[in-house]
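Engineer: In terms of the numbering used here, the sequence shown opens at residue 138 and continues consecutively. Beta carbons: idealized from backbone N, C-alpha and C, even for Gly. Got a structure for you, written out below as structure tokens; questions coming shortly.
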Amino acid sequence: MGKLRNDQTGFSILEPILFLIIIATIGAVGLFVWHTKQTADKLLVTTTSASPTFKKRAASGAAASLQSNGTLNTYTNKTLGFSFDFPKTVYAENGCTTSATVHDNYGKFVDAPTHHVTTSGLLPTTLVNKDNNFYITTTSTAELTGVADATVNGNSGYSLASGCVITPVTVDLIEKYHAPVTIVPSYANISSLQLIAAIKTPGNSLNSEVQQIFSDPTLKVSSITADSKAAWSTLSFVCDGKSEPMGGCANLGGSYTLHYYQKTSLLVFWATGQACKLQSDFGATVCYDQQIISSFKLNN
138 MGKLRNDQTG FSILEPILFL IIIATIGAVG LFVWHTKQTA DKLLVTTTSA SPTFKKRAAS
198 GAAASLQSNG TLNTYTNKTL GFSFDFPKTV YAENGCTTSA TVHDNYGKFV DAPTHHVTTS
258 GLLPTTLVNK DNNFYITTTS TAELTGVADA TVNGNSGYSL ASGCVITPVT VDLIEKYHAP
318 VTIVPSYANI SSLQLIAAIK TPGNSLNSEV QQIFSDPTLK VSSITADSKA AWSTLSFVCD
378 GKSEPMGGCA NLGGSYTLHY YQKTSLLVFW ATGQACKLQS DFGATVCYDQ QIISSFKLNN
């Protein structure tokens with residue numbers, strides 16, 4: 138009997154200690170669950186409070202690929218669901234040299250202080266992008282530096298460069314020299330064809346998407362015409378109350394192609410402009426712009 142009483146006393150001492158351990162464990166688990174829920178709630182608020190108009194580029198490199206296909210490169214974007222082809226080489230400004238002459242107002246060569254100029258030839262192409270802006274361009278370009286106003290034979294209006302460098306082409310470099318062009322103190326004539334591709338946000342109007350692409354709050358879609366031979370529709374606009382191509386559409390930037398793929402709510406804008414963007418040689422025997430646009434297709 139004495140032994141039994143001693144064992145019971147030992148158990149009674151451990152009992153409150155075990156109780157405290159159990160309470161502490163339950164508290165720790167509860168705190169972890171609460172913290173996890175709070176973190177999840179914060180992430181949920183962060184990701185759903187903003188309503189970006191355009192779907193951003195996926196961080197994963199697997200979301201896009203560039204593959205060789207004979208004389209062409211094939212770009213595939215799995216996130217936005219499209220692909221297109223473009224040539225592996227184009228004619229562009231690819232080197233630097235010096236010159237001691239310039240053209241006068243009559244197109245004749247006249248003597249001038251020695252300065253740097255660019256040379257042209259074939260360059261390999263690539264695709265660079267930032268968010269929903271894509272540029273088919275060359276891997277590098279010749280960039281004139283130290284450009285300053287100069288007077289030649291008593292005539293002003295000349296700009297001469299004291300240096301020239303070969304620079305890798307990036308989105309930032311393209312946008313730096315995008316119109317309106319500021320020649321001083323550096324300049325680069327970069328060959329590139331711009332594409333803007335955006336998924337229309339559910340609940341967002343087509344008008345607001347187009348207005349953001351063209352940075353014009355007065356722009357309104359007047360009609361959507363389905364193409365009988367393609368998966369896209371052509372959009373027409375009203376600008377300041379006037380249908381294109383009348384006045385009020387200055388922000389459209391000249392010639393362009395804008396297609397709307399209703400199946401996937403994809404808006405595709407090509408900034409073709411008035412002149413050929415990507416060409417085969419000096420005389421633009423082949424202009425690749427329309428070939429690239431025609432090769433565009435949905436992946437699904």
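Is the distance from the Cβ of A408 to the Cβ of Y393 below 7 Å?
Structural biologist: yes
Engineer: Can the beta-carbon of T371 be found closer than 7 Å to that of S323?
Structural biologist: no
Engineer: Kindly indicate which three-state DSSP category D286 falls into: helix, strand or coil?
Structural biologist: It is a strand residue.
Engineer: Is I350 closer than 7 Å to I327 when the C-beta atoms are compared?
Structural biologist: no
Engineer: Does the region 242-259 come close enough to the region 204-215 that 3 or more CB-CB pairs lie under 8 Å?
Structural biologist: no
Engineer: Using alpha carbons as the reference points, say which of N206, F219, L264, H240 lies closest to N436.
Structural biologist: Nearest of N206, F219, L264, H240 to N436, Cα basis: F219.
Engineer: Please name the residue, chosen from A363, D353, T422, that lies closest to V375 on a Cα-to-Cα basis.
Structural biologist: Selected option, being the one with the closest Cα: D353.
Engineer: Leaving out five residues on either side along the sequence, give the residues of the same chain with a beta carbon under 7 Å from the beta carbon of T203.
Structural biologist: With the sequence shown as reference, residue 203 is identified as Leu, and Thr is not the correct amino acid for it. Cβ neighbours of L203 beyond the five flanking positions: N210, Y212, L264.
Engineer: Would Y398 and A363 qualify as a contact pair, given that the criterion is a beta-carbon distance under 7 Å?
Structural biologist: In this structure, Y398 sits away from A363, with a CB-CB distance that is not shorter than 7 Å.
Engineer: Which class does D309 belong to by DSSP, given the choice of helix, strand or coil?
Structural biologist: helix
Engineer: Please report how far the alpha carbon of P250 lies from the alpha carbon of N292, in whole angstroms.
Structural biologist: 13 Å
Engineer: Taking DSSP as the reference, what is the three-state secondary structure of D222?
Structural biologist: strand
Engineer: From S417 to A201, what does the alpha carbon distance come to, in whole angstroms?
Structural biologist: 26 Å
Engineer: Sorted by chain position, which residues of the same chain lie with C-beta nearer than 7 Å to E346's C-beta, five sequence neighbours on each side aside?
Structural biologist: T190, A335, K337, L404
Engineer: Could you tell me whether the Cβ atoms of L230 and A285 are closer together than 7 Å?
Structural biologist: Going by the sequence as given, residue 230 is Glu instead of Leu. In this structure, A285 does not lie closer than 7 Å to E230 by Cβ.
Engineer: Could you give the distance in angstroms between the alpha-carbon of T235 and the alpha-carbon of S342?
Structural biologist: 54 Å
Engineer: Between the Cα of S329 and those of N266, S365, S431, D248, spot the shortest distance and give me the residue it belongs to.
Structural biologist: N266
Engineer: What's the gap between the Cα of C424 and the Cα of L297?
Structural biologist: 30 Å
Engineer: Would you mind stating whether Q348 and Y272 have Cβ atoms separated by less than 7 Å?
Structural biologist: Contact flag unset, no.
Engineer: From which residue to which residue does the beta strand (DSSP E) around V358 run?
Structural biologist: 356-363
Engineer: Can you look up S200 in the DSSP assignment and give me helix, strand or coil?
Structural biologist: The sequence given here places Ala at residue 200; Ser does not occur at that position. Residue state for A200 is assigned as helix, using DSSP reduced to three classes.
Engineer: Could you give the distance in angstroms between the alpha-carbon of N290 and the alpha-carbon of C301?
Structural biologist: Cα to Cα, the separation comes out at about 24 Å.
Engineer: DSSP beta-bridge partners for V254?
Structural biologist: T234
Engineer: Quick check on DSSP: helix, strand or coil for L168?
Structural biologist: With a pLDDT of only 42 at L168, under 50, the local geometry of the prediction cannot be trusted, and no value is derived from it.
Engineer: In whole angstroms, what separates the C-alpha of K414 from that of S359?
Structural biologist: 29 Å
Engineer: What does the Cβ neighbour count give for H252, buried or exposed, with the cut at 16 atoms within 10 Å?
Structural biologist: Counting Cβ neighbours within 10 Å, H252 comes out buried, since at least 16 surround it.
Engineer: What does DSSP give as the partner residues of Y393 in its beta bridges?
Structural biologist: Bridge partners of Y393: none, in fact.
Engineer: Flag this pair as yes or no: are the beta carbons of T275 and T255 separated by less than 7 Å?
Structural biologist: no
Engineer: DSSP beta-bridge partners for P339?
Structural biologist: In the DSSP output, where bridge partners are listed per residue, P339 has none listed.
Engineer: For A237, which residues of its own chain have a beta-carbon under 7 Å away from its beta-carbon, when the five flanking residues on both sides are left out?
Structural biologist: Counting only Cβ-Cβ distances below 7 Å, and skipping sequence neighbours, we find D248, A249, T251.
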